[in-house]
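To start, the structure under review is shown below, and the notes come after it.
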Amino acid sequence: DHIKHIWCGGRDDLTNHIMKLFAWYVQRPYEKSGACVVLEGEEGCGKNIAFEILKNHVIGTRYCLETPKMKILTGRFNSAREHKILTVLNEAANVKQSSHEDQDELKDCITEPTCMIEKKGIDPYRVKDCNNLFIASNNSYSVKASKQMRRFLYLLCRSDRLGDKAYFKAMIDEFDNTDSGIHLYHYLMNMDLNGFHPQNDAPMTKEKSDM
204 DHIKHIWCGG
214 RDDLTNHIMK
224 LFAWYVQRPY
234 EKSGACVVLE
244 GEEGCGKNIA
254 FEILKNHVIG
264 TRYCLETPKM
274 KILTGRFNSA
284 REHKILTVLN
294 EAANVKQSSH
304 EDQDELKDCI
314 TEPTCMIEKK
324 GIDPYRVKDC
334 NNLFIASNNS
344 YSVKASKQMR
354 RFLYLLCRSD
364 RLGDKAYFKA
374 MIDEFDNTDS
384 GIHLYHYLMN
394 MDLNGFHPQN
404 DAPMTKEKSD
414 M
């Protein structure tokens, strides 16, 4: 319900697409989706809670990364991105319209099947990159893209639950204290992804059409 009403504005097509993306991460951890969801909305509206649930109860903390800095992924010492399935860029502070370099690096992170990893004191080496990206931002300039740029899906989160601590605590407690994480894992594992193409099948949103 949170994803449908807060993330997707009640749209069934968007909700179904997001759930299939989640299923992709679980069923195909060896293959990146090539799609990036951009969530915009006020701080505290619930942009990150689904990521926290996926990280802690479905995918595992070892395979998830949360960072406000894109340079963690694209900078010289970038070993934090190795072995990751899902990364959330909070605020994407340096991914702005004026920075073409940042935009190009972001596109590579979303679609390129391999990447170079460099650790301090160790020669760089190339690895298969299965990482999928989400961007969560409080502003409307986090990423700029044309309507034809299929790799991005833009969502404007509603503020219906803004500051509702009891609502968010109940959601977290349910996963912390019950088998809801196991049920979600099996639900995603059994979702039919035949014919699903994360980029081609992404529904158009008003936020993207206004670009």
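Each number in the numbering used here corresponds to the 1-based position in the sequence shown with 203 added.
For each residue, glycine too, the CB sits at the ideal point set by N, CA and C.
Predicted model, so just to flag it, every value in this text is computed and none were measured.
Note to self: Are the CB atoms of Leu365 and Cys248 within a distance shorter than 8 Å?
What the structure shows: For the purposes of this step, residue 248 is taken as residue 45 along the sequence shown, with counting starting at 1. For the purposes of this step, residue 365 is taken as residue 162 along the sequence shown, with counting starting at 1. Result yes, Cβ atoms of Cys248 and Leu365 sit closer than 8 Å.
Check: Which value, in whole angstroms, describes the spacing of the CA atoms of Cys416 and Glu269?
Finding: Lying outside 204 to 414, the shown extent of the chain, residue 416 is not represented and no answer is given.
Notebook entry, point to check: Considering Leu365, what are the terminal residues of the alpha helix (DSSP H) in which it resides?
Noted result: On the sequence shown, position 162 is the one that residue 365 refers to. No alpha helix (DSSP H) contains Leu365, which DSSP labels as neither H nor E.
Checklist line | Coarse secondary structure for Cys248, derived from DSSP in three states | finding: As a working mapping, residue 248 is identified with position 45 in the sequence shown. DSSP places Cys248 in coil when its eight states are reduced to three.
Next item on the list: With DSSP collapsed to three states, give me the class of Phe378.
Entry: Taking the sequence shown and counting its residues from 1, one reaches residue 378 at position 175. Note: Phe378 maps to helix in three-state DSSP.
Notebook entry, point to check: Between which two residues does the beta strand (DSSP E) carrying Tyr228 extend?
Noted result: Start at 1 with the first residue of the sequence shown, and residue 228 comes out as number 25. From DSSP, Tyr228 is part of no beta strand (DSSP E) but of the alpha helix (DSSP H) over 215-230.
Check: For the putative contact between Ser362 and Gly244, defined by C-beta atoms under 8 Å, what is the C-beta separation to the nearest angstrom?
Finding: Counting from 1 along the sequence shown, the entry for residue 362 is found at position 159. Counting from 1 along the sequence shown, the entry for residue 244 is found at position 41. Right, their Cβ atoms sit about 7 Å apart.
Next item on the list: Compute the distance between the beta-carbons of Phe280 and Lys323, then report whether it is under 8 Å.
Entry: Locating residue 280 in the sequence shown gives position 77, where the first residue counts as 1. Locating residue 323 in the sequence shown gives position 120, where the first residue counts as 1. Their beta carbons are under 8 Å apart, which means Phe280 touches Lys323 by this criterion.
Next item on the list: Measure the CB-CB distance between Leu387 and His208 and report whether it falls below 8 Å.
Entry: In the sequence shown, residue 387 corresponds to position 184, counting from 1. In the sequence shown, residue 208 corresponds to position 5, counting from 1. Not closer than 8 Å, so no.
Check: Out of curiosity, what's the CA-to-CA distance linking Phe378 and Glu234?
Finding: Taking the first residue of the sequence shown as 1, we reach residue 378 at position 175. Taking the first residue of the sequence shown as 1, we reach residue 234 at position 31. The straight-line gap from Cα to Cα measures roughly 27 Å.
Checklist line | Cβ neighbour criterion (16 or more within 10 Å) applied to Ser340 | finding: Indexing the sequence shown from 1 puts residue 340 at position 137. Per the 10 Å Cβ criterion, buried.
Checklist line | Rounded straight-line distance, which links the Cα of Asp367 to that of Ala241 | finding: On the sequence shown, residue 241 is found 38 positions in, with the first residue counted as 1. On the sequence shown, residue 367 is found 164 positions in, with the first residue counted as 1. Residue 241 is actually Val in this sequence, not Ala. When rounded, the distance between both Cα atoms is 23 Å.
Check: Roughly how many angstroms separate the alpha carbons of Gln188 and Cys211, rounded to a whole number?
Finding: Given a span of 204 to 414 for the chain in the structure shown, any question on residue 188 remains unanswerable.
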